[in-house]
Amino acid sequence: MTTLTVTDLDLHYGAAQALKKVSITAQPNKITSVLGRNGVGKSSLLRAITGTHPITNGIITLAERDLKRSAPYARARMGIGYVPQGREIFPLLTVKENLLTGYAPLKPKDRSIPETIFELFPVLKSMLGRRGGDLSGGQQQQLAIGRALVTRPSLLVLDEPTEGIQPSIIKDIGRALQFLRDEMGMTILLVEQYLDFCRELSDHIYVMDRGEIMHEGPASDLDDPNVKRHLMV
Amino acid sequence: MITAKIFEKLGVKAIWVVAILLALAIAVPMSNLLLPVGHPLRVPNYLVPLMGQYLTYATLALALDLVWGYCGILSLGHGAFFALGGYAMGMYLMRQIGTRGVYSNAVLPDFMVFLGWRELPWYWQGFDMFWFAAIMMAFVPGLLAFIFGWFAFRSRVTGVYLSIITQALTYALMLAFFRNDMGFGGNNGLTDFRDILGAPIPAATTRASLFAASAILLALCFILCSLIVRSKLGKVMVAVRDAESRTRFIGYRVENVKLFAFTVSAVMAGLAGALYVPQVGIINPGEFAPANSIEVVIWTAVGGRGTLVGPIIGAIVVNAAKSYFTGTFADLWLFILGGMFVFVTLFMPKGIVGIFTSTWSALQQRRASASAEKGVDTEPPTPPAQKPQPRQSNDAPDGAKPSPAE
Amino acid sequence: QDEGPIKVGILHSLSGTMAISETTLRDVMLMLIEQQNEAGGILGRQIEPVVVDIASDWPLAAELARRLIEVDEVDAVFGCWTSVCRKSVLPVFEELNSLLFYPVQYEGEESQRNVFYTGASPNQQAIPAVDYLMEEEGVERWVLAGTDYVYPQTTNLILEQYLLDAGVAEDDIMINYTPFGHSDWQTIVSDIVAFGSEGPKTAVVSTINGDANVPFYRELANQGVAAEDIPVVAFSVGEEELSGFDTAPLVGHLAAWNYFMSVETPENEEFIAAWHDYIGSEDRVTNDPMEAHYIGFNMWVEAVEAAGTTDADAVIDAIVGVQVPNLTGGIAEMLPNHHITKPVLIGEIQDDGQFFVVWETEDLVPGDAWSDFLPESAVLEADWTDPINCGNYNTETETCGGSEAVAE
Amino acid sequence: MGSLNRFGRPFLALIFIALAALAAPSAKAQSVAEIVPQMYDASLGDLRDAVAALVATGEDAALPILQALGAGNLYEADNGGIFIQTGRNQYEDALTGAEADLDVTGDLSTIRINNSLRRDIAAAVGSLTLMSENPATRRAAAAQMFSTADPANIELLDQALAEEDNPGVRTVMEQARAAAMLRADISEEDFAAAVAVIAARGDRQALGILNANLANASEAERVNIEAGISRINQSLQLWGIGQNVWYGVSLGSVLLLAAIGLAITFGVMGVINMAHGEMVMIGAYVTFFVQEIIRTTNPGLFDYSLAIAIPMAFAVTGLIGIAIERGIIRWLYGRPLETLLATWGLSLIIQQGVRTIFGATNREVGNPSWMSGAFELGGLAITWNRMWIVVFALVVFALLLLVLNKTPLGLQMRAVTQNRRMASAMGIRTPWVDAMTFGLGSGVAGLAGVALSQIDNVSPNLGQSYIIDSFMVVVFGGVGNLWGTLVGALTLGVANKFLEPYAGAVLAKILILVLIILFIQRRPRGLFALKGRAVEA
Amino acid sequence: MVDTLRDGSLLYLDGVSVTFDGFRALNSLSLVVQRDELQAIIGPNGAGKTTMMDIITGKTRPDTGEVFFEGGIDLTKKDETEIANLGIGRKFQKPTVFGSHTVWDNIELSLKKPRGVFASWFYTRDSADTDRITAILDTVRLTHRKHEFAANLSHGQKQWLEIGMLLAQDPKLLLVDEPVAGMTDSETEETSKLLKEISKHHSVVVVEHDMSFVRDLDCRVTCLAEGAVLAQGSLEHVSSDPLVIERYLGR
Ligand SMILES: Nc1ncnc2c1ncn2[C@@H]1O[C@H](COP(=O)(O)OP(=O)(O)OP(=O)(O)O)[C@@H](O)[C@H]1O
Ligand SMILES: Nc1ncnc2c1ncn2[C@@H]1O[C@H](COP(=O)(O)OP(=O)(O)OP(=O)(O)O)[C@@H](O)[C@H]1O
Ligand SMILES: [Mg+2]
Ligand SMILES: [Mg+2]
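If you read the protein sequences in the order shown, they are chains A, B, C, D and E. With the working numbering applied, the first sequence corresponds to residues 10 to 242, in that order. With the working numbering applied, the second sequence corresponds to residues 1452 to 1857, in that order. With the working numbering applied, the third sequence corresponds to residues -1 to 406, in that order. With the working numbering applied, the fourth sequence corresponds to residues 2 to 538, in that order. With the working numbering applied, the fifth sequence corresponds to residues 33 to 283, in that order.
So this is what it looks like as structure tokens:
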């Protein structure tokens, strides 16, 4: 089973330390959320897990395999799908080509675009020939999520996936995540600021502040004043 | 207390650089002229014009740094402005030969005589007067840069497109100046200079004066660049470099900022070229060769782009290396020089100056961390070891150590 | 002070665009020096070559010339190929009073006290070639094709005047210039063919320089311009240039030089053998500028021996009148104008990349510094011996023009 | 030599009478056997006499000797013997036909001739072969006579025409006859007819003949000729435009080849690759190397040398490219401008390296037979090497387009260069893709080198002369767009060739540069500019 | 009639259409913003909200339609710089800041000052400017990072910096594209307070998808869809529109 464990993680940007001894676990069939104010290190944690930024210390394991030395593409091949903050669409590739980049870690026989993506984001289907960079912000966000799903991940890592997306589709995304969790047995790690969304979906939450994990517990803890304190300005 | 204010605006580093340059302007000529031959401290004759030449190169590199390092305009044609300034000086020097040319023609330079020209072309008029020539040394490159920049920046030509058309510009000028019909001596260019301002060029005193003039020009240009770079205008330039369109949306006229920097830079390059010519004794269309302009970019990169001091160091180091190696390892020097460029890129990403600043900041940091353990929000602005990478610009900014506003 | 080796500077481009031609000259100089050392050197002292690379960069040439003379203290310098190189180092040699031996054919219009021109001046190459075409091939129409720089321009100016004087109509002369390193010759070759198809016999006089020649000749070959129909006579194409491609389709096109590798004389055979031996390859060719260095070096050696010193002034005095054998069976003499006497040979390209000499002057031609076909220079004379001692003596006003008049 | 021609001796005798006029007035007729030994160590003047004498003999044996002399296959031996080369290191005695024994004869050396002698021989051989059994030979002989245009040939041509049944050869013979007639003293109608025949031919050679006769024609004849000339000029002018387009296309294809590798390393990857020219140069040296090996081991393969060189050059430069990417470029992603510095350094090193290994001088790269010469297409003269280069450039372009747009590798290449980090997170093996992309770009540059070795110098400077043009083309066409590179290269090529006749080569080049500068003002992102949000930051 | 509407308004768009490669992003859009008005714009992804801002700020030229500022100024004839100097400031959907400048310098560059080359060259910061910058930094809570390079900020911090830069420009009309994306709930509340405060003396147009934020703003709401206005009015009114629910809010 694809359990993700992160132990005592340190991460630096040059001299500045962004993560301090961070440890989390994400279980299969669960949605694990990480919350915190701006700049506390949520995205940094996800970058560490996906390998897009090097870590200074600590251990990351996926299904009991150590990821420390693996390049991002190797992690993608182990089943990590990543929806980064800021969309990171390939701007000059068409929507279709953006989706096709997800074929890279797949075996030839698995290479197809799941229909569910278009059910979830119908707008993508009508825009397959358009360049990714021309899409509106929200459309790009939808594309980014769709693109990650093409790789058939066993661990899905999402960094504020609802940012800039219209309310109706946010609801769809929520339903889709539940489906992926419940029916596909996916491990889902979610960073989100949108508390209502989190509360509704999450099985387990972590709260960060200043590069450290300050709290861990079930989603209901979100209403705990101790936790709220970390999310206040 | 205007001087005090200027000093303050210049910053300590610039004052040091200027002081060193001025000291050189005095010390080198004195040592060459006053000390007896063979004295260990005497600067030998041949080194004086050579060092003067390096200083003009350094001025050129500095000029490029203003547009490239700060404004993000990678000009691959800066040699053109240098050469135009040089030609203006060359034309003056040619006119000074007078009847001492081989054909004893008081007006026409030798090459015109034997190619059968009957009278001096209109664009040669006035170059017998130094003041006129001196204005042209700055005006011609400045005007060309202004016109070129006016169109290019208004049309929003940026990035490699701009780089390549600057290259096309210098290349076209090279081909044009190669033509004998242009009246600039074809590929032989202008040579055989005798006097400058009445002083014979080969004389030691003239050489020393030219050296001093080069050092002073460099110092003045450095002051000018520092004043620009350290002002808010300098920050706008960097902003343009990082995110040109964003700058527009704040309300700055990007094209004017670029045009200003480009023109000022071209004028500096032209003046440098003007001082270069009497010290090497020739100006020919080879100076317009695209490869020459690329070399200027390389000096700047080797020294450290966007630092003002870097290009000066880079120009001197690369050229001194070239002088030394071409004379000493005639067969190997390209390996050495080429290897040096590769080495610098791989191991000194911020150029030679970057090595100093990073050791300096490492030292500072050690001191800072020794004194206090603060955490993520450490107050002192230590320049990050990792360069920030704005996504939209293809021009990775570096250097330009931020001078915190306080 | 007379102890230790005598130093000789070698000032050629070993990199950049001109390396293609000049590297060989560096090698031949090293060979000559080695030979001289084996024969006991000069004045009982060994010769030490000092090699620098001017990298086809002319300001650098001036800088390195200065360095050779001032820092390395060489007694003579052999070097340069292009005119601009010579022009840029010339003030240095004048200022520091040293010697330069310049081995390449050039446009003339110059004579300087410190420079010895061992290559051909226009009257030793261009004019005889045109004469040959006029007389032997009956050419009436002329294409003067050159690279756009001073040597072709001057040469063509002289030739044009010469042809007009010989009664050729202006319409029968076509002048065409191309940029350095021009590589697409389709249009120009077809223009030549068109010009040549207008009736009378046509020839091309090529002053195309350097790299541009290979693509030019390849295009000639491919468009089938045969030597029997439109012969091309070149002044800058020698054995070295021809070694870059297959010359079979070009057999019969011409070149005018003062030396060809194919000339069969004992001196030449010995020289070629020594060269092959030195360079370690039988495939390497010899050419005219190499011979010029050979002559120049031997002249310098003779002059130094005669003067008993390497002192520049003494050598300048001693060298005028020095005679050394050239490689084609004649004698080269250093004239008072610092040019030398040379035979003029016209060769036809053969399929092995060599030239077959089809014509040669009966007598040696003395090099003329100032062309008689340019109005301004017709009255000038160069003579570096007393009493004139001037590079541009005006025979009409009987004065020495230029700086010397003022300086002396 | 058996039957030399279809008509045998009587006819030959006639030829020789006709040729007697051409031959130098030799005192008395000699036999071939007498003349040949005189050719040993003869001066050019003596050789000329010998040729005339040989023609005058009227013997069959003269023809092969003349042909050999004209082709440079006639040799003299140290012992005074004269030999004809029949094959590689095979010589037979010109008189006896006996195989040469080098031990007896001593060294053999070619008998050299000059242009005017070559012309004489060609004329003589032309006359002698006019009756050959082979139509191609007859045609060549007639063509030769056309250019000689000697009235003495008229009778001969009449004879031949009477027998000729091949229509193609007939035409040429008629034209040759007409050309000769113009020089002879003939009636006005005949003159007009001859002019008509020649004008109908309509090419430059015809123009030459007409022009040549203009000077000494009578008033009436002149009108005739002028009409002929203007007719030819008109058609030539039309064809001239086509010819210019072709020159432009062919120049464009050279630019395309030179630039297309750069369109990958620079256009797609964003590496300011100053070492691109050196990859082209290495490709040319690979060609040289391949040809050198073929020359020494198996000369028969020479015509295939390019076919062998193409994959070799691609592999060699591609591998070098991969090595460069792995060794240097990969440390520089994210700092594209620094690649300029590193690759500039590399280009210096590679140039000097090649200079050290292969020497600074040009190396000989030959054209295989199928790359030599020209053919006519209507009024267009098309040289084979240009034509194959155009084809090659288009094929390379098409293949590249296919790779880039239709293969997973192409998609991954584009993804990686647009956002390396994200591509990696998508599971794309970025180091591998980077290496492949740079290798592909370099390999294509190497292919360009193979083609350029056929038209230009193969020297260490080869690359330098193309690098600037390559950047111009890529930028003019629009960075990152392969079609732009194609259209850009062809546009610049054609524009250049249309400017050249008016402005001269130098000004044309300057004008092109100015046009590029002005064009970029109008379209700041090149011809095929990418538009939309995606590109505007 | 129409003219009086235009003259009285700060921003007036009428019949604006724009097409990209055949795709109609704005379809005869008409919109009026009054002086000192706060207006929220919602609408599905791709409705054309950002494109509308592009048109107002001169980044994109409309194919047809009128865009007037302060009644008489035709914005379609002006370029970005002129429009910015007329007093229209913008926060971009995707935060774009000057990465190699410090946070402080980012704000300083944006301060409302003469923008000319020489004016910038000879500019010296006076204490009023310093106070203003300090105040803005406080507002956007970046005081503790004022010496940090902007490139080193987290995504949310860049959003804040953009808002700070917008404030510093002190424009007459603020166009704010998705200001609270990536902010915590409490920050969202702060932002709405801030915008309401500003709108007392400025006109503000806010684009957002966060309904609770829009509710907090308590202003006129316009819902765009497929490049045209779908509904307009109070939030209650708009959000009860069945078309809005179907196309935008979802069930
Ligand atoms: N340059 C362009 N080329 C092609 N299509 C474009 C371009 N610019 C915008 N579009 C299209 O126009 C439509 C409107 O885009 P816009 O960014 O204005 O939407 P939006 O309302 O801001 O959406 P979001 O809420 O997702 O930010 C989108 O469908 C987008 O794909
Ligand atoms: N590329 C970078 N270089 C230097 N520092 C960085 C970089 N990226 C982030 N940081 C710093 O690291 C810290 C953590 O940033 P991170 O992006 O992980 O925050 P976050 O929790 O995701 O915030 P947000 O909610 O705003 O996205 C911040 O203080 C930020 O300034
Ligand atoms: Mg984040
Ligand atoms: Mg938007």
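Note that beta-carbon positions come from the ideal geometry of N, C-alpha and C, so glycine has one too.
Beta-carbon spacing of residue i, residue j below 9 Å
{"i": "residue 217 of chain A", "j": "residue 31 of chain A", "result": "yes"}
{"i": "residue 235 of chain E", "j": "residue 205 of chain E", "result": "yes"}
{"i": "residue 192 of chain C", "j": "residue 353 of chain C", "result": "no"}
{"i": "residue 144 of chain C", "j": "residue 176 of chain C", "result": "yes"}
{"i": "residue 213 of chain C", "j": "residue 189 of chain C", "result": "no"}
{"i": "residue 212 of chain E", "j": "residue 219 of chain E", "result": "yes"}
{"i": "residue 373 of chain D", "j": "residue 220 of chain C", "result": "yes"}
{"i": "residue 1555 of chain B", "j": "residue 399 of chain C", "result": "yes"}
{"i": "residue 1508 of chain B", "j": "residue 1766 of chain B", "result": "yes"}
Integer-rounded CB distance, given that residue j should sit under 8 Å from residue i
{"i": "residue 171 of chain A", "j": "residue 215 of chain A", "result": "Not a contact, Cβ separation roughly 18 Å."}
{"i": "residue 450 of chain D", "j": "residue 281 of chain D", "result": "4 Å"}
{"i": "residue 394 of chain D", "j": "residue 254 of chain D", "result": "4 Å"}
{"i": "residue 80 of chain E", "j": "residue 259 of chain E", "result": "4 Å"}
DSSP-derived helix/strand/coil call for residue i
{"i": "residue 33 of chain A", "result": "strand"}
{"i": "residue 336 of chain C", "result": "coil"}
{"i": "residue 40 of chain E", "result": "helix"}
{"i": "residue 1631 of chain B", "result": "helix"}
{"i": "residue 1456 of chain B", "result": "helix"}
{"i": "residue 1466 of chain B", "result": "helix"}
{"i": "residue 134 of chain D", "result": "coil"}
Which listed residue (the options) has its alpha carbon closest to that of residue i
{"i": "residue 358 of chain C", "options": "C:258, C:271, C:58", "result": "C:258"}
{"i": "residue 1644 of chain B", "options": "C:291, C:90, C:379", "result": "C:90"}
{"i": "residue 240 of chain C", "options": "C:276, C:262, C:207, C:93", "result": "C:207"}
{"i": "residue 8 of chain C", "options": "C:314, C:18, C:396, C:48", "result": "C:48"}
{"i": "residue 452 of chain D", "options": "D:209, D:105, D:259, D:338", "result": "D:259"}
{"i": "residue 386 of chain D", "options": "D:44, D:402, D:145, D:455", "result": "D:455"}
Query raised in the report: Can you list the beta strand (DSSP E) stretches of 3 or more residues lying completely in the region 315 to 395 of chain D, in chain order?
Result: 375 to 378, 381 to 384
Report task. At 3 residues or longer, and completely inside the region 31 to 65 of chain C: list those beta strand (DSSP E) runs for me, N to C. Result -> Within the region 31 to 65 of chain C, the complete beta strand (DSSP E) runs of at least 3 residues are 45 to 51.
Query raised in the report: Hey, which residues come within less than 5 Å of ligand 5, measuring from Cβ to any heavy atom, in chain order?
Result: By its list of ligands, the structure shown excludes ligand 5, since it contains just ligand 1, ligand 2, ligand 3 and ligand 4.
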